[in-house]
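Asks: Numbering (the numbering used here), first residue to last: 2 to 164.
No residue lacks a Cβ here, since even glycine has one placed at the ideal position from N, Cα and C.
The structure's right below; bear with me while I get my questions together.
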């Protein structure tokens, strides 16, 4: 069975338009970036793409050494960063805004948050609390069911019988 329908034809104009869109996608401003980096904006920004101003602005890729020389040993022992980690370390950010007389809030952008960092390692606190509870219940269990209280009279012998 042959399909002889009119499917449209490629002409010079359609080919140019198609390949221009393809080239813009491949060689455009977001070229050679993965989907995760392309859409890393605002609260979704990534650590290795925002290395300037304590993580507030994108850029700073010159602070990375992605392919260190193998003879130096840096490819096995050290991280990706050239120099000290403090130069690229992110700080806790907060999104600031100002309220005018009408009650409308206009955003001023990201700023460094001066509050103490949030303890996001809550699992450590839970493990510590569970460990303390287990120790307490083990001690209480031993006190309640101490062998001298739990052994039958026949096993204790005649010395423990009240006369």
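Below 8 Å on the Cβ atoms is my guess for residue 64 versus residue 86; work out the distance and round it to an integer in Å.
Replies: 10 Å between Cβ atoms; not a contact.
Asks: Would you list, in sequence order, the uninterrupted alpha helix (DSSP H) runs of no fewer than 4 residues that lie entirely inside the segment 56-100?
Replies: Here the runs fully enclosed are 75-78.
Asks: Hey, quick one: how far does the alpha helix (DSSP H) through residue 1 stretch, first residue to last?
Replies: Because the chain here runs from 2 to 164, residue 1 falls outside it and cannot be looked at.
Asks: Over the uninterrupted beta strand (DSSP E) stretch that includes residue 109, give me the two end residues.
Replies: Segment 106-113, the beta strand (DSSP E) holding residue 109.
Asks: So, is residue 36 buried or exposed, given that buried needs 16 or more other C-beta atoms within 10 angstroms?
Replies: That one is exposed.
Asks: Out of curiosity, what's the CA-to-CA distance linking residue 40 and residue 92?
Replies: Taking the straight line from one Cα to the other gives about 21 Å.
Asks: Under a Cβ-count criterion, where at least 16 other Cβ atoms within 10 Å of its own Cβ denotes burial, should residue 135 be classed as buried or exposed?
Replies: Exposed: under 16 other Cβ atoms inside 10 Å.
Asks: Where does residue 36 fall in DSSP's three states?
Replies: In the structure shown, residue 36 sits in a helix (DSSP, three-state: H, G or I).
Asks: When you compare each of 125, 131, 139, 94 to residue 116 by their alpha carbons, which one comes out closest?
Replies: The shortest C-alpha separation from residue 116 is found at 94.
Asks: So, at 8 Å on beta carbons, what are the nonlocal neighbours of residue 113 in its own chain, with the 5 sequence-adjacent residues on each side left out?
Replies: Hits under 8 Å: 55, 57, 92, 93, 94, 95.
Asks: In the structure shown, what three-state DSSP assignment does residue 14 receive?
Replies: If DSSP states are grouped into helix, strand and coil, residue 14 belongs with the helices.
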